[in-house]
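What follows is one structure encoded as structure tokens, with my remarks underneath.
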Amino acid sequence: MYQAGDRNDRILLARVPGGVPVPEDFAYDVTAIPTPGPGQFVSRTIYLSLEPHYRMFMRPGQTAPHGLCAGDVMPGETVAQVMQSRHSDYRRGDFVLTRNGWQQFALSSGQDARKLDPAIAPISTALGVLGLPGLCGYAGLLYLGQPKPGETVVVSAATGAVGSTVGQVARMVSARAVGIAGSDEKCGYAVNDLGYTACLSHRSPQFLAELRSACPEGIDVYFDNTGGEVLSSALEQLAIHARVVLCGMAAAYSRQSMPPGPPLLAVIRARATLLGILAEDYLPYLPELIKVVGGWIRSGRFRYREDISEGLASAPTAFCRLLRGENFGKALVRIAPEHL
Ligand SMILES: NC(=O)c1ccc[n+]([C@@H]2O[C@H](COP(=O)([O-])OP(=O)(O)OC[C@H]3O[C@@H](n4cnc5c(N)ncnc54)[C@H](OP(=O)(O)O)[C@@H]3O)[C@@H](O)[C@H]2O)c1
Numbered sequence: 463m464y465q466a467g468d469r470n471d472r473i474l475l476a477r478v479p480g481g482v483p484v485p486e487d488f489a490y491d492v493t494a495i496p497t498p499g500p501g502q503f504v505s506r507t508i509y510l511s512l513e514p515h516y517r518m519f520m521r522p523g524q525t526a527p528h529g530l531c532a533g534d535v536m537p538g539e540t541v542a543q544v545m546q547s548r549h550s551d552y553r554r555g556d557f558v559l560t561r562n563g564w565q566q567f568a569l570s571s572g573q574d575a576r577k578l579d580p581a582i583a584p585i586s587t588a589l590g591v592l593g594l595p596g597l598c599g600y601a602g603l604l605y606l607g608q609p610k611p612g613e614t615v616v617v618s619a620a621t622g623a624v625g626s627t628v629g630q631v632a633r634m635v636s637a638r639a640v641g642i643a644g645s646d647e648k649c650g651y652a653v654n655d656l657g658y659t660a661c662l663s664h665r666s667p668q669f670l671a672e673l674r675s676a677c678p679e680g681i682d683v684y685f686d687n688t689g690g691e692v693l694s695s696a697l698e699q700l701a702i703h704a705r706v707v708l709c710g711m712a713a714a715y716s717r718q719s720m721p722p723g724p725p726l727l728a729v730i731r732a733r734a735t736l737l738g739i740l741a742e743d744y745l746p747y748l749p750e751l752i753k754v755v756g757g758w759i760r761s762g763r764f765r766y767r768e769d770i771s772e773g774l775a776s777a778p779t780a781f782c783r784l785l786r787g788e789n790f791g792k793a794l795v796r797i798a799p800e801h802l
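Position in the sequence shown (from 1) plus 462 gives the number in the working numbering.
Below you can see the structure in the form of structure tokens.
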């Protein structure tokens, strides 16, 4: 049992990174565990989610609420357990989704917190396939991409939390799922474990030709998680009346400025529709995601993979790996055991 005032280890942003972050951009710091006031609870962090787009918040000149300055505790979604509560809706022992950031303990007013039911699926999934990344993949594909049976759905970063949801939901609605990923190992997992019809490495010298031959009738729905060259190549293969869902730009987050735009003539030629998605706008669909995909997970029809680093001190290195595209599965840090 912890005592209020005990040690709370935290990781801060030490300086604005120059390009792809390095561990020296972060600093370790220790403070006291806070004491909850009326209407608050304190929770211990169990899993910390690492999100590639947080790199964008570290750019010089970024302002609140998202901008990060040297000395700020690194923010992040977490799965935590309530340790002491003066909030009527939360009791000691409850598992919760919170935004504790890169630290062992944090206070919450309950705003933005959500109780988790460990009977639905492992609690870590609330940060991945049953959380905002999964919501983006699920709602973005079904409600924006609107795939029809037999159509070809292509997704980049195909084995991550977003991409693996897109690929498997495409399969569930009888579309042809074609993945794009960064290594042969990821592509093998995409086909053998996730059920993609094919998966192509964007690092292959023949990538463009391989994409064309994997999509002989063109791409009906392209779900983009990376931007850059991969997006440009996919746009060149669009089928008539294709839908393109723009979800993330993993290839650009560490750049000082956004890369030049993709080839829009290809969009005109295909009379395609481009749609941007922010997971937060789809929160009303979260119960549907948890019910539908949670059911598929329990029945073994839906697979997911987590890339878990051990201990708070590993967070900077794990974040840097994620920004180099070296994670394989949802990037998490285990800060503490689920059960004490
Ligand atoms: N719009 C929203 O509301 C929302 C919500 C959640 C996530 N997202 C976005 O969705 C995308 C996928 O998120 P995720 O959490 O599932 O992450 P993830 O796919 O587990 O990790 C990011 C992946 O991007 C790929 N990548 C391609 N080019 C890269 C480069 N130059 N540098 C680094 N990585 C590169 C890598 O996969 P490969 O090795 O396979 O290429 C890497 O593993 C991200 O862009 C994220 O920001 C958007």
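Each residue gets a CB set at the ideal place from its N, CA and C atoms; glycine is no exception. Fair warning: this is a prediction, and the values are worked out from it, not measured in the lab.
Tell me whether the region 659-674 and the region 693-712 touch, counting them as touching only if at least three CB pairs, one residue from each stretch, are closer than 8 Å.
yes
Burial state of K648 (16 or more Cβ within 10 Å)
buried
Distance check for G629 and V492, CA to CA, integer angstroms please.
Straight-line spacing of the CA atoms in V492 and G629 works out to 42 Å.
E513 Cβ short of 7 Å to ligand 1 heavy atom set
yes
Return the first residue and the last residue of the beta strand (DSSP E) that L736 is part of.
That run of the beta strand (DSSP E) goes T735 to G738.
Rounded C-alpha distance that separates E539 from P496:
Across the structure, E539 and P496 are spaced so that their CA atoms are roughly 19 Å apart.
With a 10 Å radius around its C-beta and 16 neighbouring C-beta atoms as the bar for buried, classify R665 as buried or exposed.
exposed
Member of I759, N789, L785 and F781 whose CA lies at the smallest distance from the CA of A581
Measuring C-alpha to C-alpha distances from A581 to each of I759, N789, L785 and F781 identifies I759 as the nearest.
Return the CA-CA distance between A494 and A542, expressed in angstroms with no decimal places.
18 Å
With which residues is Y715 paired in a DSSP beta bridge?
Paired residues: none, contrary to the question.
Three-state secondary structure (DSSP) at Q546?
In this structure, Q546 counts as strand in the three-state DSSP scheme.
Taking one C-beta from the region 724-740 and one from the region 750-768 each time, how about it: are there three or more such pairs within less than 8 Å?
no
C-alpha gap between A643 and A619, whole angstroms:
5 Å
Among L784, A775 and R765, which residue has its Cα nearest to the Cα of A583?
R765
Own chain partners of P537 with C-beta closer than 6 Å, once the 5 adjacent residues on each side are dropped:
G563
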